[in-house]
Amino acid sequence: MERVALDLTGLVRKVDPTPFARGGFADIWMGELSWLITSPVQKVAIKVPHVTSKHLRGTERQEVERRLERELKTWRMLRHPNILPLLGTCKDLGTFPFALPLPSMITEFCPLGTLADYLVDHDEPIDDLAMIHDIASAVVYMHEMDPPIVHGDLKAENILISKDRTPRISDFGLSRAVKNSDVPTGYTTSTFHGSMRWMSPELHQADDNGRPPPFTPASDTWAFGMVMLEIESCEIPWSHIIHEPAVILAVMRGNTPPPPKNKVISPAFWATIQECWRQDPAERVSMRDLMSRIDLLKFQRDVQDPSSPIGRRSLSSSSSSIRSRSSSIISSPATQTLSLESSSINDADIVLARAQRAFTQRSRSSSIISSPVIQALSLESSSINDADIVLARAQRAFTQRDVPLARQLYSAAATAFAAASHQLRHAQTLTELARVDKPNARTHLKLAMEILSSPHQPMYQIRVQRAIAELESSSEAKRLLLNCRSSARKGGWVDEEGAALLQLGQVYAAAGEDDDAYSWFNEAIRLGEKHDKATIKSEALEGRGGVSVRDDAYSWFNEAIRLGEKHDKATIKSEALEGRGGVSVRRGEKEAAIMDFEQAAVEYRHCGGGGKRGVTRVLGRIREISGEGGTLMTDALSESTSSLTPSLDGT
Numbered sequence: 005m006e007r008v009a010l011d012l013t014g015l016v017r018k019v020d021p022t023p024f025a026r027g028g029f030a031d032i033w034m035g036e037l038s039w040l041i042t043s044p045v046q047k048v049a050i051k052v053p054h055v056t057s058k059h060l061r062g063t064e065r066q067e068v069e070r071r072l073e074r075e076l077k078t079w080r081m082l083r084h085p086n087i088l089p090l091l092g093t094c095k096d097l098g099t100f101p102f103a104l105p106l107p108s109m110i111t112e113f114c115p116l117g118t119l120a121d122y123l124v125d126h127d128e129p130i131d132d133l134a135m136i137h138d139i140a141s142a143v144v145y146m147h148e149m150d151p152p153i154v155h156g157d158l159k160a161e162n163i164l165i166s167k168d169r170t171p172r173i174s175d176f177g178l179s180r181a182v183k184n185s186d187v188p189t190g191y192t193t194s195t196f197h198g199s200m201r202w203m204s205p206e207l208h209q210a211d212d213n214g215r216p217p218p219f220t221p222a223s224d225t226w227a228f229g230m231v232m233l234e235i236e237s238c239e240i241p242w243s244h245i246i247h248e249p250a251v252i253l254a255v256m257r258g259n260t261p262p263p264p265k266n267k268v269i270s271p272a273f274w275a276t277i278q279e280c281w282r283q284d285p286a287e288r289v290s291m292r293d294l295m296s297r298i299d300l301l302k303f304q305r306d307v308q309d310p311s312s313p314i315g316r317r318s319l320s321s322s323s324s325s326i327r328s329r330s331s332s333i334i335s336s337p338a339t340q341t342l343s344l345e346s347s348s349i350n351d352a353d354i355v356l357a358r359a360q361r362a363f364t365q366r367s368r369s370s371s372i373i374s375s376p377v378i379q380a381l382s383l384e385s386s387s388i389n390d391a392d393i394v395l396a397r398a399q400r401a402f403t404q405r406d407v408p409l410a411r412q413l414y415s416a417a418a419t420a421f422a423a424a425s426h427q428l429r430h431a432q433t434l435t436e437l438a439r440v441d442k443p444n445a446r447t448h449l450k451l452a453m454e455i456l457s458s459p460h461q462p463m464y465q466i467r468v469q470r471a472i473a474e475l476e477s478s479s480e481a482k483r484l485l486l487n488c489r490s491s492a493r494k495g496g497w498v499d500e501e502g503a504a505l506l507q508l509g510q511v512y513a514a515a516g517e518d519d520d521a522y523s524w525f526n527e528a529i530r531l532g533e534k535h536d537k538a539t540i541k542s543e544a545l546e547g548r549g550g551v552s553v554r555d556d557a558y559s560w561f562n563e564a565i566r567l568g569e570k571h572d573k574a575t576i577k578s579e580a581l582e583g584r585g586g587v588s589v590r591r592g593e594k595e596a597a598i599m600d601f602e603q604a605a606v607e608y609r610h611c612g613g614g615g616k617r618g619v620t621r622v623l624g625r626i627r628e629i630s631g632e633g634g635t636l637m638t639d640a641l642s643e644s645t646s647s648l649t650p651s652l653d654g655t
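In our numbering, the protein residues as written are 5 to 655.
Okay, structure coming up:
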């Protein structure tokens with residue numbers, strides 16, 4: 005049932021003669037809410053809009069009002085420990101000259117103010133990674149709604165700190181309603197003012213009519229990277245650049261902010277932040293993957309060196325850092341806290357502690373039949389946070405090739421998501437479980453399809469169908485993948501269509517039908533070129549080279565190698581080098597083949613645990629060509645290969 009914003013007109017009053025904060029679209033006042041004459045007074049924050057209307061036509065005013073009403077309904081529906089709830093709206097708390105008669109928004113009052121102020125003004129120790137993870141979990145929650153909900157104005161000034169020091173994302177509604185409307189950008193002097201530093205490159209490019217592009221989950225991800233930088237540096241993004249037009253110019257040139265000078269950040273953490281700042285929105289990390297990476301960084305820090313300062317700091321050391329702000333960036337409303345029942349953070353901490361203890365105590369040879377993490381999930385109210393933590397552990401175990409532990413953890417995470425009634429995450433986790441539980445893979449995938457059928461989730465159904473195709477015969481796999489390709493085209497999901505085309509090419513190639521495989525790889529190449537999808541194009545070029553018996557096979561591998569180098573894709577580059585070496589063998593060019601195989605072996609070493617099989621394979625090819633003794637390079641690579649993580653099949 006849709007929740008509407010509760011009308012609190014007549015129940016709220018201002019308690020101060022002046023607002024305690026001012027923003028680009030509203031002033032924030034201290035207020036009191038009395039539900040009944042005899043009920044206790046609740047301290048609240050009152051956000052009174054002042055969107056100027058003297059430059060708006062009647063239809064434009066209606067557009068802003070309509071969008072605000074829709075956004076407030078959306079905000080009212082959100083229920084998450086790290087999202088500030090909207091208590092309701094009022095229509096009797098005043099307005100401004102020439103301002104639209106928009107309702108005032110009522111939220112709970114947060115005495116600790118905004119995250120921007122909290123980072124500078126408070127001396128309590130803070131766990132940066134934990135705070136970033138909490139904020140990310142709220143954004144993931146919004147992005148995985150059906151349809152996805154985009155915040156559109158993520159920054160530290162729009163995140164409030166509750167009295168128990170929990171971050172709450174706020175400031176939904178007004179900014180989104182105005183910025184996403186069809187109103188020309190000249191209607192107010194501060195439409196985008198104050199948020200330029202957090203905006204992604206695509207948001208700075210207006211269309212031919214001067215209207216800005218829509219906000220997307222990818223633009224939220226870019227802004228979230230800026231929030232991470234704020235938390236680490238205690239400064240606004242681009243703090244070394246005073247004027248905002250210069251910031252826009254830097255962003256449009258493809259530049260990103262430098263690391264903070266006032267704090268040492270680990271290379272892994274800085275690389276994670278930079279994943280948010282890919283110029284191509286399609287290449288940015290998803291918030292779900294980003295949250296898992298942050299959780300993994302925190303896990304590594306706590307397990308490897310609990311005393312490490314990375315990701316932890318005392319604010320007394322950073323409060324001396326001046327938060328650089330131009331006078332035009334006005335503090336956002338310091339409102340809010342959450343009226344939900346006790347959050348699951350404590351439960352999540354229990355699971356985290358037990359998971360860490362289990363990891364440090366377990367033997368590498370043990371399959372951990374009775375995992376403390378699974379036992380921890382017997383808490384009375386398993387939460388999304390609990391399940392996310394266990395899922396991150398499962399993904400880590402999988403990358404480390406610990407299949408028994410990964411299977412246990414994926415199963416536990418799936419159970420927790422089911423208990424929390426999070427159908428989409430339940431289905432996604434079952435799909436991942438199928439990768440490590442081959443005997444029961446069909447059962448897991450069938451259940452995932454049933455879950456995704458109600459409510460209908462066609463994009464995720466495509467992903468499950470592709471996983472099912474890997475288990476089926478050639479003819480059935482072809483049928484399923486053709487259906488996936490058709491559904492993806494209808495839905496406009498380019499990545500899913502590309503994945504289906506690549507898989508079709510692989511299925512036909514495995515069946516020895518090289519001409520058909522060649523055609524499907526060609527289709528994938530055209531799709532990648534049309535939509536500027538470098539990964540799809542490079543993988544298709546590699547596949548086409550593998551099935552080509554024509555003289556141009558060498559060229560296809562060359563193109564795949566070039567794209568792998570350009571986009572830093574070690575797996576693509578290594579496999580393409582191996583393919584080009586194979587072409588050289590067929591041509592009788594042994595020295596060229598050996599050089600390619602040796603370079604492929606070096607690249608395979610950068611491909612994680614699965615790279616060991618690639619190294620072993622190409623070294624074997626070198627020995628076949630050069631004789632039993634191999635080469636000096638072969639011997640050196642053979643000696644160092646033993647240090648690589650073993651693959652799933654133990655090779």
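The beta-carbon is built from N, C-alpha and C at its ideal position, and this holds for glycine as well.
These numbers come from a predicted model, not from an experiment.
Local conformation of residue i per DSSP, three classes
i             : result
arginine 17   : strand
aspartate 138 : helix
threonine 260 : coil
threonine 170 : coil
arginine 26   : strand
glutamate 36  : strand
aspartate 11  : strand
valine 45     : coil
serine 270    : coil
cysteine 611  : coil
leucine 91    : strand
serine 237    : helix
glutamate 75  : helix
proline 217   : coil
aspartate 31  : strand
Endpoints, the alpha helix (DSSP H) within which residue i is located
i              : result
glycine 509    : 498–514
glycine 615    : 615–630
proline 129    : Element bounds for proline 129: not the alpha helix (DSSP H) but the beta strand (DSSP E), 129–131.
leucine 413    : 407–423
histidine 448  : 445–456
glutamate 474  : Unbroken run through glutamate 474: none, as it is neither H nor E.
isoleucine 153 : Note, isoleucine 153: premise wrong, no alpha helix (DSSP H); not H, not E.
glutamine 283  : Unbroken run through glutamine 283: none, as it is neither H nor E.
threonine 118  : That residue, threonine 118, is in no alpha helix (DSSP H); it is neither H nor E in DSSP.
Whole-angstrom distance between residue j and residue i, CA atom to CA atom
i                 : j              : result
lysine 267        : arginine 172   : 25 Å
leucine 10        : arginine 74    : 13 Å
serine 425        : alanine 431    : 11 Å
alanine 514       : valine 622     : 20 Å
serine 296        : isoleucine 393 : 8 Å
valine 468        : arginine 446   : 10 Å
serine 141        : aspartate 293  : 11 Å
serine 415        : valine 16      : 49 Å
phenylalanine 656 : arginine 429   : Given that the chain is displayed from residue 5 to residue 655, the structure contains no residue 656 and the question cannot be resolved.
Status (buried if at least 16 other CB within 10 Å, exposed otherwise) for residue i
i              : result
serine 199     : buried
histidine 610  : exposed
serine 479     : exposed
alanine 452    : buried
asparagine 444 : exposed
threonine 111  : buried
valine 587     : buried
valine 144     : buried
CB contact flag (residue i, residue j, <7 Å)
i             : j              : result
glycine 35    : lysine 51      : no
histidine 571 : alanine 544    : no
threonine 433 : alanine 418    : yes
aspartate 132 : isoleucine 240 : no
leucine 505   : glutamate 527  : yes
alanine 557   : glutamate 582  : no
isoleucine 87 : leucine 119    : no
threonine 220 : methionine 291 : no
proline 271   : leucine 233    : no
Extent of the continuous beta strand (DSSP E) to which residue i belongs
i              : result
glutamate 112  : 108–112
isoleucine 165 : 163–165
CB contact check: residue i to chain D, cutoff 7 Å
i            : result
cysteine 238 : Within the model displayed, chain D is absent; a lone protein chain is all it includes.
beta-carbon residue i near the ligand SAM non-hydrogen atom, thresh 6 Å
i              : result
isoleucine 466 : By its list of ligands, the structure shown contains no ligand whatsoever, and the ligand SAM lies outside what it can speak to.
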